[in-house]
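First comes the structure, then the notes that go with it.
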Amino acid sequence: MRNDRIDPVVIFLIIFGVACIGCLFILFASKVLPEGAYRCSKCDEYTYDREQYHDEFRWDYDIVSVTNHYSYSGTVEGSSTAAGFLLFYESHGTIEGSLEQQETYSFYYVTKDGGYKKMSIPVENATIYYTQEKPHIYCGWQAGNYWICKAGHKNYSWQVTYYKIYVPEGSIAEEYDLG
Ligand SMILES: [Zn+2]
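Going left to right, the sequence shown walks through residues 63 to 241 as my numbering numbers them.
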């Protein structure tokens with residue numbers, strides 16, 4: 063009678079082959095994103111839980127009135143600064159090949175060491191609120207479909223920097239030139 067026993071080498075090869083296919087399957091399965099999950103753009107982590115709107119505080123500066131600014135620099139002229147403008151609207155033509163206008167709100171804010179610095183922000187990203195409080199500008203950042211993975215990668219599908227300007231009524235001047 064012939065010996066029908068299978069060669070141990072063949073058995074080993076079959077077991078090895080099955081193990082390999084199993085490993086590949088597990089590897090493949092781990093790369094497939096589960097239904098309704100969102101993968102981090104930088105690593106393999108995923109989440110089911112995203113914030114539809116995520117808001118972050120950026121900064122909040124007191125705005126200095128032009129009157130105060132002039133007082134500070136010692137050049138008060140009376141009539142020219144009587145209105146005490148806090149904020150001014152400016153429209154600049156851009157020279158880089160287009161005639162598009164860039165509209166900004168400009169203001170002076172107080173720096174940490176007590177200086178005054180001018181800043182301009184795009185009109186379309188700003189909302190003005192009239193207030194009785196001290197004039198100030200709040201800057202926030204909003205992102206949509208936001209989440210952070212364990213490695214700290216920030217994920218979102220859109221983002222915008224926005225400004226809320228709190229000023230007394232009638233404090234916006236057009237094309238005002240500090241000179
Ligand atoms: Zn990540």
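No residue lacks a Cβ here, since even glycine has one placed at the ideal position from N, Cα and C. Given the structure is predicted, the values throughout are model-derived calculations rather than measurements.
query                                                                                                                                                                   : result
Tell me where the beta strand (DSSP E) around Arg-120 begins and ends.                                                                                                  : 113 to 126
By the three-class DSSP mapping on this structure, what secondary structure does Val-229 have?                                                                          : strand
Spatial neighbours of Ile-210 within its chain, please: CB distance less than 8 Å, with the 5 preceding and 5 following residues excluded, ordered by chain position.   : Lys-216 and Asn-217
What did DSSP end up calling Ala-213 once you bin it into helix, strand or coil?                                                                                        : coil
Determine the DSSP secondary structure at Ala-188, reduced to helix, strand or coil.                                                                                    : strand
In whole angstroms, what is the alpha-carbon distance linking Val-94 and Glu-107?                                                                                       : 11 Å
Are there 16 or more other CB atoms within 10 angstroms of the CB of Pro-184, so buried, or fewer, so exposed?                                                          : exposed
Going by alpha carbons, who is nearest to Tyr-192 out of Trp-121, Gly-177 and Pro-230?                                                                                  : Pro-230
If you count every other CB in all the chains shown that lies within 10 Å of the CB of Ile-76, and 16 or more means buried, which is it?                                : exposed
Closer than 7 Å by C-beta to Ala-81: which residues in its own chain qualify, once you throw out the five before and the five after it? Chain order, please.            : none
At a cut-off of 7 Å, would you count Glu-107 as near ligand 1, judging by its Cβ distance to the nearest heavy atom?                                                    : yes
Quick check: does the Cβ of Lys-196 come within less than 7 Å of any heavy atom belonging to ligand 1?                                                                  : no
For Ala-213, I'd like the list of residues in its chain whose CB is within less than 6 Å of its CB, leaving aside the five on either flank, ordered along the chain.    : Cys-105
Return the CA-CA distance between Tyr-228 and Ile-88, expressed in angstroms with no decimal places.                                                                    : 57 Å
Just to confirm my understanding: we take Gln-114, look at its own chain, exclude 5 residues before and 5 after, and list those with CB closer than 7 Å. What are they? : Gly-206 and Asn-207
Can you check DSSP and say which residues form a bridge with Thr-223?                                                                                                   : Trp-203
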